[in-house]
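Each remark here refers to the structure printed beneath this line.
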Amino acid sequence: MNTVEIASKKIDNGERLNFAEALALYQHNDIIGLAALARRVKERKSGQYVYYNVNRHINLTNICVSGCPLCAFGCKAEDDKAYIMQKSEVAEIVSQTMKETPDLSEIHMVSALHPDKPFSYYLDIVAAVKRAAPKVHLKAFTPVEVVHFSNISKLGIRTVLEQLKAAGLDSLPGGGAEILDDSVRNIICPNKATTAEWIDVITTAHRLGLPTNATMLYGHVETIEQRIQHLITLRDIQDQTGGFQAFIAFPFHPANTGFTNLRRVSSWEDLKMISLARLVLDNFDHIKAFWMMLTLPIAQLALTFGADDLDGTVVEEKIIHAAGATTKKGITKKEIVSFIEETGYLAVERDTFYRPLKISSGVKSYE
1 MNTVEIASKK IDNGERLNFA EALALYQHND IIGLAALARR VKERKSGQYV
51 YYNVNRHINL TNICVSGCPL CAFGCKAEDD KAYIMQKSEV AEIVSQTMKE
101 TPDLSEIHMV SALHPDKPFS YYLDIVAAVK RAAPKVHLKA FTPVEVVHFS
151 NISKLGIRTV LEQLKAAGLD SLPGGGAEIL DDSVRNIICP NKATTAEWID
201 VITTAHRLGL PTNATMLYGH VETIEQRIQH LITLRDIQDQ TGGFQAFIAF
251 PFHPANTGFT NLRRVSSWED LKMISLARLV LDNFDHIKAF WMMLTLPIAQ
301 LALTFGADDL DGTVVEEKII HAAGATTKKG ITKKEIVSFI EETGYLAVER
351 DTFYRPLKIS SGVKSYE
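FYI, the UniProt record's numbering numbers position 297 of the sequence shown as 297, with every residue one higher than the one before it.
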């Protein structure tokens with residue numbers, strides 16, 4: 001048997017792929033065959049369920065010290081588009097969202113690395129959110145932000161996370177991983193957390209009982225081999241901690257970044273990466289097709305390529321759209337359920353821990 005045949009047999013037997021086998025599957029370019037393998041693994045994990053949640057994104061500020069070439073969102077304080085939200089403003093947004101969306105289950109909060117705001121600002125924001133929505137799960141701050149908090153407060157990573165948790169933080173989104181290879185990070189984000197620092201925050205969070213997601217940003221200066229090693233690094237961490245909730249692969253949007261010479265990768269590449277992630281990350285239960293980055297049609301198609309989660313309603317998002325995303329900034333429950341049911345799967349409204357809150361009938365309505 002050749003390497004692809006060996007890999008396929010291992011997948012059918014529930015065995016782990018090695019680096020060479022993952023690379024062979026990617027290079028084989030049989031995307032339909034890859035989808036079939038990934039779909040079988042997805043259905044072993046979550047059956048006919050496809051998940052979504054009712055969530056609300058909040059981006060506290062776009063003022064950032066990093067100036068990363070890959071970013072279209074961050075800016076200097078003197079920039080016309082610069083903004084920073086105050087505690088009262090965040091609390092009002094949460095309170096208003098609660099009134100408009102009584103079934104809200106998650107607040108997702110990330111932002112830039114502000115040069116002047118002290119760590120206490122973020123602790124106060126967390127406490128304010130939890131006062132406004134005490135029963136809503138707060139997922140906030142990427143490992144990159146946590147490293148920044150450590151730097152500005154002169155506190156260790158563990159202490160920073162302990163204080164955030166005490167203030168009300170429930171989990172971390174896991175962004176800022178980009179590609180976990182410093183030769184890549186030195187080009188695309190040279191002034192923010194290193195690979196080792198990102199891993200340190202993640203593993204410390206897991207030890208403290210703070211679950212996280214895991215992410216990858218692909219389609220810029222990295223190689224396919226670096227993408228696969230990134231997945232294997234995440235798999236190794238999950239073996240050690242078991243703290244990852246889901247994996248999300250983000251395609252790079254080059255508009256308004258320092259890499260406008262690059263083209264957005266194709267839908268073919270998006271679907272291939274989702275399938276490959278499902279096959280390599282055998283210890284992850286959930287693979288997310290983030291509709292806002294992929295577009296709704298491709299995210300829907302990704303449900304037959306191994307994904308089992310479309311993220312959520314979002315309501316408002318700024319970071320991805322600053323880089324040229326043309327998707328809507330939010331979606332209704334009815335729309336997301338319709339998109340899932342159209343694929344033949346059951347739409348499952350979930351909480352952050354993938355506990356089902358409501359399961360659809362599976363009968364597609366065209367009203």
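The C-beta atom is built at its ideal place from N, Cα and C for all residues, glycine as well.
Have a look at residue i and residue j and give me their C-alpha separation to the nearest angstrom.
i, j, result
"V50", "K76", "40 angstroms"
"C68", "R185", "10 angstroms"
"A22", "L276", "7 angstroms"
"G156", "L37", "43 angstroms"
"R39", "T304", "6 angstroms"
"E5", "D236", "24 angstroms"
"I319", "C71", "Unreliable placement is indicated for I319, whose pLDDT of 42 sits below 50; no coordinate value is reported for it."
"N55", "M1", "47 angstroms"
"Y366", "P356", "Only weak support exists for where Y366 lies, its pLDDT of 40 falling under 50; the value from the coordinates is given anyway. When rounded, the distance between both Cα atoms is 25 angstroms."
"I188", "S361", "45 angstroms"
"L34", "Q163", "44 angstroms"
"S88", "N59", "14 angstroms"
"E43", "N29", "22 angstroms"
"P143", "V265", "26 angstroms"
"P251", "Y218", "5 angstroms"
"P173", "F19", "26 angstroms"
"S271", "P115", "The question names Ser, yet the displayed sequence has Leu at residue 271. Answer to the nearest angstrom: the Cα atoms are 38 angstroms apart."
"V337", "A347", "6 angstroms"
"I11", "R278", "11 angstroms"
"Y122", "E78", "22 angstroms"
Identify, in the order they occur along the chain, each residue of the same chain with its Cβ nearer than 6 angstroms to the Cβ of residue i, setting aside the five sequence neighbours on each side.
i, result
"R16", "D282"
"T327", "At T327 the pLDDT is 43, less than 50, meaning the model places this residue with poor confidence; the figure from the coordinates comes in the next sentence. Cβ within range, chain order: M292, T295."
Assign residue i to one of two classes, buried (16 or more other C-beta atoms within 10 Å of its C-beta) or exposed (fewer than that).
i, result
"E342", "exposed"
"G175", "buried"
"M216", "buried"
"N191", "exposed"
"G74", "buried"
"G14", "exposed"
"G263", "Note that residue 263 corresponds to Arg in the displayed sequence, not to Gly. That one is exposed."
"P297", "exposed"
Going by beta-carbon coordinates alone, are residue i and residue j separated by less than 7 angstroms?
i, j, result
"S46", "D308", "yes"
"M109", "A140", "yes"
"Y52", "L294", "no"
"K288", "I248", "yes"
"G168", "H206", "no"
"H137", "D103", "no"
"I31", "I63", "no"
"A128", "V90", "yes"
"V147", "E197", "yes"
"F259", "H230", "no"
Within a Cβ cutoff of 7 angstroms, which residues of the same chain sit near residue i, ignoring the five residues on either side of it in sequence?
i, result
"D239", "N283"
"A7", "L17, E21, A24, L25"
"V94", "I107, V129, A132, A133"
"T233", "L180"
"T204", "I157, R158, L161"
Cutting at 8 angstroms between CB atoms, please list the residues of its own chain near residue i, excluding the five before and the five after it.
i, result
"P118", "I152, S153"
**Item:** Minimum length 4: unbroken alpha helix (DSSP H) runs contained in the stretch 13-91
**Value:** 19-28, 31-46
**Prompt:** Quick one: complete alpha helix (DSSP H) runs, 4+ long, within the stretch 187-229?
**Reply:** 195-207
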